[in-house]
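Following numbering that gives the first Met the number 0, the numbering of the sequence shown begins with 0 at its first residue and continues without gaps.
Please read the structure below before turning to the comments.
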Amino acid sequence: MPFEKLGLAPAIIQGVKAMGYLEPTPIQLRAIPLILAGQDVIGSAQTGTGKTAAFALPILSRLEHHDPRPRVLVLEPTRELAAQVDTAVRDLARFTNLRVAVVYGGVGYERQNQALRTGTDLIVATPGRLLDHLQQGTTRLDHIQYLVLDEADRMLDMGFLPDVRRIVQKCPRQRHTSLFSATIPPEIDALAKWALVHPQTIEIGLRRSPAETVRHVIYPVAEEQKADLLLALLDHVNYDSVIVFCRTKHRADRIGHVLKKNNHAVAVLHSNRTQREREQALQGFRTGRYEVLVATDIASRGLDIADVSHVINYDVPQHPEDYVHRIGRTGRAQSTGDAFTLMVTEDARHVDAIERFIGRKVERVKLPNFDYKHSLLFTEQRPGELAAQQRSIRGVRLSGGGYYCGPVRRRRR
Ligand code: AMP
């Protein structure tokens with residue numbers, strides 16, 4: 000069905016066309032008519048499904064003309080997401096006279112104060128900074144007609160639910176509320192029951208299935224060869240843009256440094272970086288100035304970084320949900336992508352959990368022409384064999400996961 004048949008305002012359809020969207024994505028097909036009809040909606044959908052436009056298009060259509068009192072509030076868990084949704088909404092609303100203000104922490108108040116003072120139809124905000132503005136009286140929520148709680152599970156993870164509840168209480172009871180969340184844990188279910196009225200639930204795809212267009216591969220490797228394998232992988236694959244995920248900020252900095260030394264155009268994104276540095280990293284990555292973005296999980300949820308050809312998990316994520324969020328950066332919309340995971344023996348338990356979560360086994364692959372210093376990484380061992388080997392080779396650590404990663408041979412000179 001084309002966008003024209005969904006009942007959107009002509010100026011909004013013009014905006015959609017200018018974005019180059021040819022037809023609605025499944026979540027747009029289902030959410031747009033419901034939100035246009037004034038229904039509360041729970042959207043259980045992964046990132047990359049087009050959910051921003053799914054709520055923005057019908058809401059912008061309903062607003063019609065500019066009014067200086069804010070009528071729409073979109074809450075986002077991180078500054079990056081808020082900035083991204085702000086850009087997407089401005090793009091979609093470009094043929095209207097509607098105004099959008101974005102409000103998040105880590106930057107000065109002056110620009111935000113001014114945007115709020117001059118009057119805005121729509122506010123995209125992170126909870127903490129919005130509460131500051133409400134306290135200072137720079138804005139009010141008593142004319143809010145549409146409330147969107149985006150990435151609600153992420154807000155839960157970050158401990159924002161009490162702030163979210165305080166904000167919801169400041170909005171009029173008579174309003175339309177939409178809640179989007181990749182997963183619906185009990186706390187989010189409770190929030191939805193409290194904040195939404197007779198919501199319609201839209202579930203796109205299997206909640207647990209990662210983007211199906213993605214090719215998943217595991218590269219077993221020993222810890223001390225991880226950086227070398229990463230460099231070899233980058234040389235080996237034909238990538239346009241790649242995000243490398245690390246477990247900690249420190250590891251991200253270190254890998255960023257190694258890649259830089261090896262002449263990769265690389266940016267690093269994690270929460271110890273200043274807002275300016277984070278914006279520059281994202282902007283540079285989007286425009287192609289950087290071909291590699293090294294990031295902690297801060298970048299894995301919701302960020303719309305288009306056309307990422309490869310996601311490389313330098314470290315196996317500790318939670319299966321994070322794997323799904325990380326690989327959500329590639330294989331977006333209709334394009335395909337590759338998700339590579341470097342796995343050391345100690346990761347076996349986490350890899351098992353990921354495979355159970357996504358409902359499939361991920362292929363173990365050996366990188367051709369890479370000088371593996373350890374053998375038997377690729378043979379699955381039975382527990383008895385494993386124990387026997389463990390006894391026969393000294394100084395070799397083995398995990399219980401069935402993969403043996405010991406030295407090929409260690410000769411004394
Ligand atoms: P989102 O899930 O909102 O983060 O959107 C993911 C990506 O899909 C963004 O780059 C959007 O610009 C893009 N997108 C959204 N809707 C459509 C559509 N109908 N057709 C093609 N791309 C879309």
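Built from N, CA and C at the ideal position, the CB exists for glycine as well.
CB contact flag (residue i, residue j, <7 Å)
| i | j | result |
| --- | --- | --- |
| Thr182 | Ile41 | no |
| Val167 | Ala194 | yes |
| Tyr108 | Thr125 | no |
| Arg174 | Asp337 | no |
| Lys248 | Leu341 | no |
| Thr77 | Ala100 | no |
| Tyr218 | Val307 | no |
| Gln83 | Ala53 | no |
| Asp321 | Cys245 | no |
| Ala251 | Thr286 | no |
| Thr95 | Leu115 | no |
| His349 | Ala221 | no |
| Ile187 | Asp156 | no |
| Leu72 | Ile34 | no |
| Arg275 | Leu268 | no |
| Asp90 | Met18 | yes |
CB-CB length for residue i against residue j, believed under 8 Å
| i | j | result |
| --- | --- | --- |
| Ile311 | Phe339 | 5 Å |
| Leu230 | Asn261 | 6 Å |
| Arg87 | Thr51 | Note that residue 87 is Ala in the sequence shown, not Arg. Their Cβ separation, rounded to whole angstroms, is 5 Å, which keeps Ala87 and Thr51 in contact under 8 Å. |
| Ser60 | Leu7 | 5 Å |
| Ala264 | Val293 | Incorrect: roughly 12 Å between the Cβ atoms, too far for contact. |
| Ser180 | Glu202 | Actually they are not in contact, since the Cβ atoms of Ser180 and Glu202 sit about 11 Å apart, beyond 8 Å. |
| Val228 | Leu366 | What sits at residue 228 in the sequence shown is Leu, not Val. With a Cβ gap of about 6 Å, Leu228 and Leu366 count as contacting. |
| Val236 | His309 | 6 Å |
| Asp162 | Gly127 | 6 Å |
| Gly14 | Arg70 | Not quite, the Cβ-Cβ distance comes to about 18 Å (not below 8 Å), so this is no contact. |
| Leu74 | Leu148 | 5 Å |
Any non-hydrogen atom of the ligand AMP closer than 6 Å to residue i Cβ
| i | result |
| --- | --- |
| Leu365 | In the sequence on display, residue 365 carries Lys and not Leu. Result no, Cβ not under 6 Å from the ligand AMP. |
| Gly47 | yes |
| Lys50 | yes |
| Thr24 | yes |
| Tyr145 | no |
| Tyr108 | no |
| Tyr20 | yes |
Bridge partners - residue i, DSSP secondary structure assignment
| i | result |
| --- | --- |
| Arg363 | Ile217 |
| Glu109 | Looking at the DSSP assignment, Glu109 forms no beta bridge with any residue, so it has no partner. |
| Asn96 | Asn96 is not bridged to any residue. |
| Gly104 | None; Gly104 has no bridge partner. |
| Ile122 | Leu72 and Ala100 |
| Asp321 | Paired residues: none, contrary to the question. |
| Asn237 | For Asn237, which the question treats as bridged, DSSP gives no partner whatsoever. |
| Gly136 | The partner list for Gly136 (beta bridge, DSSP) is empty, contrary to what the question assumes. |
| Ile311 | Val243 and Phe339 |
Length at least 4, wholly inside the stretch 138–185: the alpha helix (DSSP H) runs in chain order:
151–156 and 160–169
Can you give, in chain order, each stretch of the beta strand (DSSP E) that sits fully within the stretch 241–302 and has at least 3 residues?
241–244, 265–268 and 291–294
Entirely within the stretch 12–69 and at least 4 residues each: give me those alpha helix (DSSP H) ranges in chain order.
25–35 and 50–62
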